[in-house]
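Residue numbers (the numbering used here): 1 to 209. Using N, Cα and C, we set each Cβ at its ideal position, and we do this for glycine too. Keep in mind the model is a prediction, meaning the values are calculated, not measured.
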């Protein structure tokens with residue numbers, strides 16, 4: 001009788017484990033849902049490498065993003081996107097370029113847009129070649145045989161399911177590393193935070209829409 005009790009107890013434990021286990025797809029979906037509902041304000045460091053061996057070019061900045069909208073500040077560049085229109089201000093030339101970016105354009109600027117774009121066309125798995133305490137590391141592999149990327153690695157904090165690091169490896173060997181820090185979730189962000197209209201009244205306007 002005791003053997004049967006032990007057997008059924010083990011089955012119950014396995015069932016609970018299977019129910020509570022998080023798949024990489026589910027974690028990505030939860031992270032996206034969280035960032036769609038709330039704004040995230042974060043500092044970032046971007047490293048651009050021609051390959052894994054070369055020293056990266058380093059750029060620092062700040063990004064406020066909520067869903068598809070964002071405001072990015074980096075050195076002498078500021079970019080606003082309200083979900084439809086993008087304003088890019090270059091301080092060195094005192095010019096604002098206004099465009100209607102494609103989803104591919106946005107994926108190159110907004111980390112959340114990149115993840116959403118890759119989610120549609122990639123296999124998503126846990127990355128078992130690297131571990132980080134307190135984090136999930138999830139890898140995106142392109143489904144197409146011929147792709148311009150090898151993989152995208154996304155590190156997510158187990159504590160709050162916020163992204164902390166993205167590493168994009170291109171098929172040509174280029175590597176882009178984005179590290180997010182000082183992450184703060186914000187609510188009641190006005191839509192004007194992502195609208196570049198009249199933000200730079202003295203600038204030269206290049207309307208490319």
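Asked, Found
"Reference residue 117, options 141, 204 and 193, closest by Cα", "141"
"Start and end residues, alpha helix (DSSP H) containing residue 33", "24–37"
"Distance, residue 25 Cα to residue 59 Cα", "30 Å"
"Beta-carbon proximity list for residue 139, same chain, < 6 Å, skipping 5 on both sides", "125, 127, 151 and 153"
"Residue 53, DSSP secondary structure in three states", "coil"
"Option in 105, 113 and 72 with minimal Cα separation from residue 31", "113"
"Neighbourhood of residue 35 by C-beta, 6 Å cutoff - its chain only, sequence neighbours within 5 removed", "112"
"Backbone CA spacing between residue 101 and residue 84 [nearest angstrom]", "8 Å"
"Contained beta strand (DSSP E) runs [length at least 3] in the segment 63–119, N- to C-terminal order", "69–74, 77–81, 86–90 and 95–99"
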